[in-house]
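Residue numbers for the sequence shown follow my numbering, beginning at 1 and rising by one.
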Amino acid sequence: MKKVELLKVFVFFLVMLSAFQLLALEIDEKLTMRILRVSNSKKTILVNRGTEDGLLVGDHAKFFVTTGVVARGVLIKVAPSRSIWSVYRIVDDSEVKEDNVMSLKISSAVKLTSDATKMLTPEIPEVPGSDERYGHASITAGNLNADDKSEMEMIRGEGDFDIVGSGGISGRTLEFYFKLYFPGLSASASGDSDYYGGASADSSSLFFTVGLEKYFADKNSILHNFSTGIFYHSAATTIKGVDSEDYYAAAEFGVDLTWHFLEDPLAYKSMIPFLTLGMGVGTTTSPSATTNNNDKGGSFFYYGGMGVKYFWENGFGVTAVADYYSRKESYSLTGGLSYNVVFGGLRGLLGFSYRF
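1. In the DSSP assignment, the beta strand (DSSP E) including residue 60 goes from what residue to what residue?
2. Whose CA, out of 83, 352, 295 and 33, lies closest to the CA of residue 102?
3. DSSP state of residue 94, grouped into three classes?
4. Can you give me the start and stop residues for the beta strand (DSSP E) that residue 294 sits inside?
5. If you draw a straight line from the C-alpha of residue 226 to the C-alpha of residue 265, how long is it?
6. What does the alpha-carbon distance come out to for the pair residue 355 and residue 60?
7. Please confirm if the region 44–61 is in contact with the region 82–92, defined as three or more CB-CB distances below 8 Å between the two stretches.
8. Skipping 5 residues on each side, what residues in its chain have a beta carbon closer than 6 Å to that of residue 249?
9. State buried or exposed for residue 346, treating a residue as buried only when at least 16 other CB atoms are found within 10 Å of its CB.
10. I'd like the list of long-range same chain contacts for residue 216, defined as Cβ closer than 6 Å, with 5 residues on each side in sequence excluded.
11. For the beta strand (DSSP E) that residue 363 lies in, which residues bound it at each end?
12. Find the nearest neighbour of residue 276 within the set 259, 267, 39 and 263, judged by alpha-carbon distance.
13. Say the cut is 6 Å; is the CB of residue 67 nearer than that to a heavy atom of the ligand GTP?
14. Which residues does DSSP pair with residue 260 in a beta bridge?
15. Roughly how many angstroms lie between the CA atoms of residue 231 and residue 179, to the nearest whole one?
16. Rounding to the nearest angstrom, what Cα-Cα distance links residue 351 and residue 319 in this structure?
17. Let me know if residue 220 comes out buried or exposed under the rule of 16 or more other beta-carbons within 10 Å of its beta-carbon.
18. Using the rule of at least 16 other Cβ atoms within 10 Å of the residue's Cβ for burial, across every protein chain shown, is residue 314 buried or exposed?
19. Can you say whether residue 332 is buried or exposed, counting buried as having 16 or more other CB atoms within 10 angstroms of its CB?
20. Hey, how far is the Cα of residue 251 from the Cα of residue 233?
21. On the premise that residue 71 lies in contact with residue 87, defined as a C-beta separation below 8 Å, what is that separation, rounded to the nearest angstrom?
22. Can you round the beta-carbon distance between residue 312 and residue 268 to whole angstroms, since I take them to be within the 8 Å contact cut?
23. Please state if the CB of residue 299 and the CB of residue 263 are separated by a distance shorter than 7 Å.
24. In the DSSP assignment, what residue or residues form a beta bridge with residue 327?
25. When the Cα atoms are used, what is the spatial distance from residue 73 to residue 169?
26. Any idea if residue 309 is buried or exposed, counting beta-carbon neighbours within 10 angstroms, 16 or more meaning buried?
27. Take residue 44 as the anchor and find which of 353, 66 and 96 has the nearest alpha-carbon.
28. What number of angstroms, rounded off, separates the C-alpha of residue 341 from the C-alpha of residue 175?
29. In this structure, how does DSSP classify residue 51 when only helix, strand and coil are distinguished?
30. Less than 7 Å between the beta carbons of residue 322 and residue 305, yes or no?
31. Label residue 372 either buried or exposed according to how many other C-beta atoms from any shown protein chain fall within 10 Å of its C-beta, with 16 as the threshold for buried.
32. To which residues does DSSP link residue 224 through a beta bridge?
33. Can you tell me which residues form a DSSP beta bridge with residue 46?
34. Determine, using beta carbons only, whether residue 30 and residue 62 come nearer to each other than 7 Å.
Below, the structure written as structure tokens:
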């Protein structure tokens, strides 16, 4: 009796194994699929096909559109309706992009030589297209729905390839920003005694900056933790004296350098601390002591400070900074007269950004 029961179990096992093998795709079978995620290097992609469609770890495939083959890869991780492919050959990288619909055709493993023992097969596994290892951003669960994210956890596993559910690394390396400053600066003036005697006073100011910042995606680069940018800076400062209230305005252009630490500069849904330095030059106006017109001059400014950034996956972000700012305005007038006005002090900053 026991032998009969064991035989039934054995037969059932063989039937299930055969059924599973029948579900597996054969060489040259095709599937229509959509790319859900692409790493920065394009060496790793996530597609919307999995074991339900007959895909198995170790499958090799050609990815193609109507114009021809665009890439070749091997399946390295799989779930019922999702799979991760390591791409080892790209023919047309413009087609390897998110939301692109194409077909995959199961193919035999690529032979690097005529020696069959050196053939790329599941028995001799390839190194997955690890973006972390080569300094590129991870594929993230991103805007997948809850069911998809749960399924992705099934194939997350350990190792170099990481699927991040609550945050991740963005491939966006350009940032447009608008920053508004609320400083309480002190001011001092010096110059020709018969035109503008030395004086100092408190001032109130309103600054805003618009700029473009560049990040560097390659983690192997010494520049990865840095970003640099150009910006336009506008400052309006009012100096309150004993008997007067003078208004100064500056329109300036500058460059900056920022160093990020404790977190990847391209991270989203994570606080990114940073230190920043900047400087620039511009044109200024100052109330004239002898005429009804404003004096025209030039300026040089610099600043240094620290802050924190936070970005969402859609590219929008906010920034908070505290820095020390100094600006020197120089005025040369007819008759050889000249004077300088220096503003300096701490500033608080609130910024809004978009990365693309």
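All C-beta atoms in this analysis are idealised placements derived from N, C-alpha and C, irrespective of residue type, glycine included.
In this text, all values refer to a predicted model and were calculated from it rather than measured experimentally.
Taking the coordinates as given:
1. Per DSSP, the unbroken beta strand (DSSP E) holding residue 60 starts and ends at 60–65.
2. Answer by Cα proximity: 33.
3. DSSP places residue 94 in helix when its eight states are reduced to three.
4. That run of the beta strand (DSSP E) goes 294–311.
5. Residue 226 and residue 265 have their C-alpha atoms roughly 8 Å apart.
6. Separation of residue 355 and residue 60 (C-alpha to C-alpha, rounded to the nearest whole angstrom) is 36 Å.
7. Yes, the region 44–61 is in contact with the region 82–92.
8. Result list for residue 249: 236 and 285, in chain order.
9. By the neighbour-count definition (other C-beta atoms within 10 Å, threshold 16), residue 346 is an exposed residue.
10. Closer than 6 Å at the Cβ level, and outside the excluded window around residue 216, lie 223 and 224.
11. Outside the displayed range of the chain (1 to 356) lies residue 363, so it cannot be described from this structure.
12. With distances taken between Cα atoms, residue 276 lies closest to 259.
13. For the ligand GTP, the structure offers nothing, since it holds no ligand at all.
14. Residue 260 is bridged to 274.
15. In this model, residue 231 and residue 179 are separated by some 10 Å (Cα to Cα).
16. If you take the alpha carbons of residue 351 and residue 319, they lie about 5 Å apart.
17. Within a 10 Å sphere around the beta-carbon of residue 220 sit fewer than 16 other beta-carbons, which makes this residue exposed.
18. Residue 314 counts as exposed, since fewer than 16 other C-beta atoms from the protein chains shown sit within 10 angstroms of its C-beta.
19. With fewer than 16 other beta carbons inside 10 angstroms of its own, residue 332 counts as exposed.
20. Taking the Cα positions, residue 251 is about 6 Å away from residue 233.
21. Between the beta-carbon of residue 87 and that of residue 71 there is about 5 Å, and that keeps the pair under the 8 Å contact cut.
22. Yes, residue 312 and residue 268 are in contact; Cβ-Cβ is about 6 Å, under 8 Å.
23. Not a contact, by the Cβ cut-off of 7 Å.
24. When DSSP reads this structure, residue 327 sits in a beta bridge with 301 and 343.
25. Going by the C-alpha atoms only, they are around 23 Å apart.
26. Label assigned to residue 309: buried.
27. Looking at 353, 66 and 96, the one whose alpha-carbon comes closest to that of residue 44 is 96.
28. Going by the C-alpha atoms only, they are around 33 Å apart.
29. When secondary structure is reduced to three states using DSSP, residue 51 falls in the helix class.
30. Contact: yes.
31. In the structure displayed, the chain extends from 1 to 356; residue 372 sits before or after that span and is not available.
32. Note: residue 224 sits in no beta bridge, so no partner.
33. Paired residues: 37 and 84.
34. Cβ atoms of residue 30 and residue 62: not closer than 7 Å.
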